[in-house]
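Peer 1: Each residue of the sequence shown is one higher than the one before, counting from 2 in our numbering. In this text, a Cβ means the ideal position worked out from N, Cα and C, and glycines have one as well. Keep in mind that this is a model prediction, so the values were computed, not measured.
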Amino acid sequence: MSTGNEIEREHEVQIFSALLTPHRSLNRTGFLAVMLFLSVVSFVTGIVFLMKGAWPVLGFFGLDVLVVWWAFKVNFRTGRAREEITVTTSELRVRRVSHRGQVAEWTFNPLWVRLDMEVDEDFGIEHLYLISRGHQIQIARFLGPNEKASFYKGLIEALNAAKRGPTYNPVT
């Protein structure tokens with residue numbers, strides 16, 4: 002059974018919504034192409050060593066391909082992590098899902114939230130933090146420095162809009 006406040010929040014307009022995921026430059030097709038190329042090169046090179054009498058080398062080339070395949074699988078698995086940040090006039094919600102599916106969720110009042118950052122003069126923005134009533138959480142960990150700067154600007158605008166409150170236009 003839903004209370005009136007829960008129903009009200011469900012219909013509340015989102016001021017800002019972001020889904021952050023780790024960047025992966027190689028998709029599944031690229032992965033298959035790399036693995037096919039690596040397998041063919043390793044097999045051909047291994048056969049050459051086999052013909053010269055160095056038969057154990059063939060096994061090591063196969064082991065190399067297996068280790069590279071495993072490393073890519075681990076990389077793809079960690080790419081399932083995500084962070085969802087939503088701002089409405091009454092709440093700021095951060096929902097973090099790890100690559101293992103573990104969920105952590107924080108809800109803040111946007112009137113009391115402060116956005117802070119650590120900046121390196123050579124690198125740019127390194128860390129973004131949400132701070133509210135003694136609680137501090139790091140957000141946007143997946144983003145690079147330029148992306149963090151853009152995200153920071155968008156989130157600050159959303160928090161300012163939330164602080165101004167809802168605007169009603171009776172004409173429309």
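Tell whether a beta-carbon distance below 9 Å holds between Arg96 and Glu84.
Peer 2: Sequence index remark: in the sequence shown, residue 96 carries index 95 (1-based). Sequence index remark: in the sequence shown, residue 84 carries index 83 (1-based). Yes, Cβ-Cβ distance for Arg96 and Glu84 is below 9 Å.
Peer 1: Can you say whether Ser151 is buried or exposed, counting buried as having 16 or more other CB atoms within 10 angstroms of its CB?
Peer 2: Translated into the one-based positions of the sequence shown, residue 151 becomes position 150. Under this definition Ser151 is an exposed residue.
Peer 1: Look at the alpha carbon of Leu59 and the alpha carbon of Val75, and state the distance between them as a whole number of angstroms.
Peer 2: Indexing the sequence shown from 1 puts residue 59 at position 58. Indexing the sequence shown from 1 puts residue 75 at position 74. Their backbone Cα atoms lie some 25 Å apart in a straight line.
Peer 1: My guess is that Ser69 and Leu39 are in contact by the Cβ rule of under 8 Å, so how many angstroms apart are they, rounded?
Peer 2: In the sequence shown, the residue the question calls residue 69 occupies position 68. In the sequence shown, the residue the question calls residue 39 occupies position 38. Correcting the residue type first, residue 69 is Val in the shown sequence and not Ser. By a beta-carbon distance limit of 8 Å, Val69 contacts Leu39. Their separation comes to about 6 Å.
Peer 1: Taking buried to mean at least 16 other C-beta atoms within 10 Å of its own C-beta, is Ser3 buried or exposed?
Peer 2: To locate residue 3, count along the sequence shown from 1; it is residue 2. With a pLDDT of 49 at Ser3, under the threshold of 50, the predicted position of this residue should be treated as unreliable, though the coordinate-derived value follows. Counting Cβ neighbours within 10 Å, Ser3 comes out exposed, since fewer than 16 surround it.
Peer 1: Closer than 7 Å by C-beta to Arg81: which residues in its own chain qualify, once you throw out the five before and the five after it? Chain order, please.
Peer 2: Your numbering for residue 81 matches position 80 in the sequence shown. The residues are His100.
Peer 1: Should Ile86 go down as buried or exposed, given a rule of 16 or more other Cβ atoms within 10 Å for buried?
Peer 2: Locating residue 86 in the sequence shown gives position 85, counting from the first residue. Buried, by the Cβ-count rule.
Peer 1: Which residues in the same chain have their Cβ closer than 6 Å to the Cβ of Ile132, if we skip the five residues on either side of it in sequence?
Peer 2: Position 131 of the sequence shown, counting from 1, holds the residue named residue 132. For Ile132, where only same-chain residues beyond five positions count, the Cβ hits under 6 Å are Arg115 and Asp117.
Peer 1: With C-beta atoms as the reference, is Phe50 less than 9 Å away from Phe62?
Peer 2: Here residue 50 refers to the residue found at position 49 when the sequence shown is read from its first residue. Here residue 62 refers to the residue found at position 61 when the sequence shown is read from its first residue. Yes. Within cutoff.
Peer 1: Can you tell me which of the three DSSP states Thr22 falls into?
Peer 2: What you label residue 22 is simply residue 21 of the sequence shown in a count that begins at 1. Of the three classes helix, strand and coil, the one that applies to Thr22 here is coil, per DSSP.
Peer 1: What does DSSP give as the partner residues of Trp107 in its beta bridges?
Peer 2: Here residue 107 is taken as the residue at index 106 of the sequence shown, counted from 1. Paired residue(s): Val95.
Peer 1: Determine the direct distance from the alpha carbon of Asn28 to that of Thr79, and round the result to whole angstroms.
Peer 2: Locating residue 79 in the sequence shown gives position 78, where the first residue counts as 1. Locating residue 28 in the sequence shown gives position 27, where the first residue counts as 1. Straight-line Cα distance between these residues: approximately 14 Å.
Peer 1: Quick one, which of Lys149, Glu119, Arg142 and Trp71 has its alpha-carbon nearest Phe32's?
Peer 2: The sequence position of residue 32 within the sequence shown is 31, counting from 1. Out of Lys149, Glu119, Arg142 and Trp71, Trp71 has the C-alpha closest to the C-alpha of Phe32.
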